[in-house]
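Below: one structure, written as structure tokens.
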Amino acid sequence: MNQPVSHDHAHDHDAHDHGHEHQHAHAAKSACQDTKAHSCCGGEPAPALVQLTEQASSDAQLSRFRIQAMDCPTEQGLIQDKLGKMVGIEQLEFNLINRVLGVRHTLQGTDAIERAIDSLGMRAEPLTDDEDSAAAPAAKTHWWPLALSAVAAIAAEIVHFSALAPEWVVALLALAAILGCGLGTYKKGWIALKNRNLNINALMSIAVTGAVLIGQWPEAAMVMVLFTVAELIEARSLDRARNAIGGLMQLTPDMATVQQADGQWLEVEVRGVALGASVRVRPGERIGLDGEVLSGQSSVDQAPITGESLPVEKVVGDKLFAGTINQEGALEYKVTALAGQSTLARIIKAVEEAQGARAPTQRFVDQFSRIYTPVVFALALAVAILPPLLMGGVWFDWIYRALVLLVVACPCALVISTPVTIVSGLAAAARKGILIKGGVYLEGGRKLDFLALDKTGTITHGKPVQTDFSALDPLFADRAQALAASLGERSDHPVSRAIAQFAQAQQLPLSDVSNFAALSGRGVRGEIDGQLYHLGNHRLVEELGLCSPQLEAQLDTLERQGKTVVLLLDRSGPLALFAVADTVKDSSRQAIAELHELGIKTVMLTGDNPHTAQAIAAQVGIDRAEGNLLPSDKLKTIESLYAQGHRVGMVGDGINDAPALARAEIGFAMAAAGTDTAIETADVALMDDDLRKIPAFVRLSRASAAILTQNIVLALGIKAIFLVVTFTGMATLWMAVFADMGVSLLVVFNGLRLLRK
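Per the working numbering, the sequence shown runs over residues -12 to 744.
Pasting the structure below:
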């Protein structure tokens, strides 16, 4: 693996020897992130991943269940309270978007879990390990009972105010409306009360029952109808967030044209296609599986995976991704990943799991709501009892005001606003080829004020090309290029390959090499026609004692231009000099400019020599550059930036920059498409190698934070206003429902705006 290298590449290869260091560092980072996030809100565990025991048992198993009725924090709270008391259950994993519950337990079977969930009025359907956890379509609801209930409630209001019929007719119409649309609410409310949970269904059931008991029949009916309508609209709105992720799953076709053993081509289900199978895709068709082009040439629209705006040309040997669209030419490709393990499948899984890493705002809201509801409920009781007892108030009036407070007491708008906003942001990013691994990172992106970047493959293309050649010995002027290419062709290092490819493009004849050997961090050597030759870097020349002041000056000049210098040597001295440069991406310049506009400073961290580092940094406008860095040195730089009070992000390839990526507040993995390690370990994976996605991520993070703040202010502000209005006696029950459910819908629609960004 060790060939003629710049310092940057040498350290990159050394980093591979520390692969385990990356895994431990990233695990440590996750723990650190969790600790920092929890400390912001009192150390409560995130509700999406609830740890019920201090230590997980080694024999614990994970069972998954589909619960169609579990689609908001109300049901999650009930399930958490119920299962949290059961012996043998260690951890609960809530996926509200897909209505899937994961239970880590030591029970012999799952019957007890299913019975516990059944007792809450919900049905748990066990999912097998290989069964799709994608959100199932919601059960169809009949609209006509709600329509009849609405007619009955309106009729009760009209009859009551016009006195067209006796009061018992009003009561009968109101009762019909309440029973027509409110039985489900009453059932859920009773279950919640039995489990000592004051959720929206319990509060609404108490409020409507109280209104009936004090003779407010028309208002009780209208409150129940309005609540049911609002719940229905809210459910449909939440489905939009689900569909945003579900739409990713529909990108892959169900069928693919696969070559059979007898050579025939047949359409088969993509789920049944084996690794290594040959698949044919016609122009205009979606590619069904990840693969590698065997024959044909075409352009492919990769926007669903990478977010690239233009199609990418594909030739033999190039990668294809499931869910992308073949444009004009027919392609035949070899399957490199099963349907459930494709890049698209991993993206979908990562987005589904991302909601488990809850943002600090979401954890704050969840904790606040657990305090807010009981406090307002106690206040409502006090309003109903104390004024009549202590101040001679009218019981009817104060009980009515207490009922209004009960409706206002539910923090539904506050609780539902955060997950909808976060999921909308995650889905919007995934559509653009930005895979964010959780709400904590989506929200944290707005705080970054310093970004550290690796050079090779991040700022540059990572594919160096030969730029200069100089014969130092006139006798070898005609042969030096072919000799160097013969040695370089035996190497798999990018610098060596660049020299070999240049010679091959010139159609120079290559020679056989014997006794070939790699020299760690310095270069290679081998014998050609019985003569020993070296192809190596500056350090190798000095070790061999073949350097001179004139050569030093030449090397310095080229290195200051950001080029990597390699020399061909024999026993007598240097024969030729080659300069190789890794070209800068056009997108890097624009990305750095956009980061500066956002107020984020940049630093480039590279193992290459300082001259090269400064040259590359100057080309793209990076604030400062540091060279000759080992992976451990990059980590120290990140820590020093932290010590100066900066919030630091790190961009790298997900492997050789492991320590720095793990220590940074947010680690960005470049060129993540098709790379398992990057997708699984990065905090944010950019599904192509375009740095411009980082400023896009920061803008999305800031927009998400702004919407979260707007929703919290809106929800709490309207409730505060209504509390004041309630004490003045001007508020009515149906107004309270409009205020509570209306603001719920407002915050949901506000959160869904992120899907358009």
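C-beta atoms are modelled at their ideal positions from N, C-alpha and C, and glycine is treated no differently. Computed from a predicted model, the values in this text were never measured in an experiment.
For the pair of segments examined, the segment 630 to 644 was found to touch the segment 426 to 439: the number of CB pairs separated by less than 8 angstroms reaches three. Per DSSP, reduced to three states, the secondary structure at K174 is helical. Boundaries of the alpha helix (DSSP H) around V734: 720 to 739. Looking from the CA of T330, the closest CA among T360, M728, A645, L238 belongs to L238. Within the segment 300 to 327, the beta strand (DSSP E) runs of at least 3 residues that lie entirely inside it are, in chain order, 318 to 322. The count of Cβ pairs closer than 8 angstroms, one atom from the segment 560 to 577 and one from the segment 602 to 612, reaches three, so the stretches are in contact.
Straight through space, the alpha carbons of A469 and E279 are spaced by roughly 32 angstroms.
The closest CA to that of E154, considering only T115, E62, W204, is found on W204. Judged by pairs of C-beta atoms under 8 angstroms, the segment 724 to 741 touches the segment 402 to 409, as three or more such pairs exist. When DSSP states are grouped into helix, strand and coil, V394 belongs to the helix group.
In this structure, DSSP gives G426 a helical state, which the three-state scheme calls helix. Looking at G475, Q453, G523, the one whose alpha-carbon comes closest to that of G549 is Q453. When Cβ pairs closer than 8 angstroms are counted between the two stretches, the segment 180 to 189 is seen not to touch the segment 157 to 170, the count staying below three. Residue pairing from DSSP leaves V528 without any beta-bridge partner.
Judged by DSSP in its simplified three-state form, S619 adopts helix. Counting only the Cα atoms, V268 lies some 16 angstroms from L262.
Two segments are said to touch when three or more pairs of C-beta atoms, one from each, lie closer than 8 angstroms; by this definition the segment 513 to 521 does not touch the segment 538 to 546.
Taking all protein chains shown into account, P361 has fewer than 16 neighbouring C-beta atoms within 10 Å of its C-beta and is therefore exposed. As a beta-bridge residue in DSSP terms, T244 pairs with E254, R267. In the three-state DSSP reduction, M637 falls in the strand class (E or B). CA-CA distance, F725 to V712, rounds to 14 angstroms.
The straight-line gap separating the alpha-carbon atoms of K72 and F364 is approximately 25 angstroms.
Rounded to whole angstroms, the Cβ separation of T593 and D441 is 7 angstroms, and the two are in contact under 8 angstroms. Straight-line spacing of the CA atoms in G560 and D644 works out to 36 angstroms. Burial check for E62: the Cβ neighbour count within 10 Å reaches 16 or more, so the residue is buried.
Selection E80, A208, K321 evaluated against W721 yields A208 as nearest (Cα-Cα). According to the DSSP assignment, E112 belongs to the beta strand (DSSP E) that extends over 112 to 114. G89 is the residue among N85, L531, G89 whose C-alpha sits nearest the C-alpha of I66. Within the segment 526 to 605, the complete alpha helix (DSSP H) segments at least 4 residues long are 536 to 547, 573 to 584, listed from N- to C-terminus. CA-CA distance, L368 to M211, rounds to 21 angstroms.
If the five residues before and after I201 are omitted, its C-beta is found closer than 7 angstroms to the C-beta atoms of F383, I386, Y387, all from its own chain and listed in chain order. With contacts defined by Cβ atoms closer than 7 angstroms, V730 and I705 form a contacting pair.
Here DSSP, grouped into helix, strand and coil, assigns L281 to strand.
In the structure shown, T443 adopts coil according to DSSP, grouped into three states. The closest CA to that of A718, considering only L160, S627, V394, is found on V394. If the five residues before and after C534 are omitted, its C-beta is found closer than 7 angstroms to the C-beta atoms of V528, all from its own chain and listed in chain order.
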